[in-house]
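Working notes, beginning with the structure itself.
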Amino acid sequence: NFKEENKGKAKDLKKVCELNRAACLLKVKDFSEAKTSCNSILKEDAQNVKALFRKAQAEFGLKNFDETMRIVKKIVEVDPQNKEARALYKDAQAEQ
945 NFKEENKGKA KDLKKVCELN RAACLLKVKD FSEAKTSCNS ILKEDAQNVK ALFRKAQAEF
1005 GLKNFDETMR IVKKIVEVDP QNKEARALYK DAQAEQ
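If you number the sequence shown the way my numbering does, the last residue is 1040 and the count never jumps.
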């Protein structure tokens, strides 16, 4: 039973926790679970660049290079100056 003002704060906190969880899972190479964490964020916020990038990293780790490139294209639409995303795109292209 959150007050209305706290519902937004709770959602934001959950998003931060899921992003951190995804980052940790990527570090230990649990790409499938990292992807799941990112998907839970992207359901609420489809344009979240961090979640998109971490999902792309997870897809790369799972050797889904086409999907990696598709996600990176979305990132670049939202954030054209994202150098990390562009580098990941080149890596995925090279792996095909």
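We put the CB at the ideal spot given by N, CA and C, even for glycine.
Query raised in the report: Shortest alpha-carbon distance to S976 belongs to which of V993, A990, K958 and R998?
Result: As a first step, residue 976 is located in the sequence shown; it is residue number 32 there, counting from the start. If we check each option's Cα against that of S976, R998 comes out closest.
Requested in this report: Please state if the CB of A995 and the CB of L1006 are separated by a distance shorter than 9 Å.
Outcome: As a position in the sequence shown, residue 1006 is number 62, starting the count at 1. As a position in the sequence shown, residue 995 is number 51, starting the count at 1. Cβ atoms of L1006 and A995: not closer than 9 Å.
Query raised in the report: Just the Cα atoms here: how many angstroms apart are K955 and K947?
Result: Translated into the one-based positions of the sequence shown, residue 955 becomes position 11. Translated into the one-based positions of the sequence shown, residue 947 becomes position 3. Here the C-alpha atom of K955 lies approximately 13 Å from the C-alpha atom of K947.
Requested in this report: Please go through the same chain and pick out, in chain order, the residues whose beta-carbon is closer than 6 Å to the beta-carbon of A966, but skip the five residues on each side of it.
Outcome: In the sequence shown, residue 966 corresponds to position 22, counting from 1. Same-chain partners within the cutoff: A978, S981, C982 and R998.
Requested in this report: Select from N1008, V1016 and V960 the residue whose C-alpha is nearest the C-alpha of A1029.
Outcome: In the sequence shown, counting from the first residue as 1, residue 1029 sits at position 85. With distances taken between Cα atoms, A1029 lies closest to V1016.
Requested in this report: Inspect the beta-carbon positions of F1009 and A990 and report whether they are closer than 9 Å.
Outcome: For the purposes of this step, residue 1009 is identified with residue 65 of the sequence shown, where counting begins at 1. For the purposes of this step, residue 990 is identified with residue 46 of the sequence shown, where counting begins at 1. Taking a C-beta distance under 9 Å as the contact criterion, F1009 and A990 do not qualify as a contact pair.
Report task. Tell me whether N964 is buried or exposed, calling it buried when 16 or more other Cβ atoms sit within 10 Å of its Cβ. Result -> Within the sequence shown, numbered from 1, the residue matching residue 964 stands at position 20. Exposed is the call here.
**Report entry** Between the CA atoms of E1021 and A1002 - distance to the nearest angstrom
**Finding:** Numbered from 1 along the sequence shown, position 58 holds the residue referred to as residue 1002. Numbered from 1 along the sequence shown, position 77 holds the residue referred to as residue 1021. The straight-line gap from Cα to Cα measures roughly 20 Å.
**Report entry** Cα-Cα separation between V932 and V972, rounded to whole angstroms
**Finding:** In the structure as shown, the chain starts at 945 and stops at 1040, and residue 932 therefore has no counterpart that could be examined.
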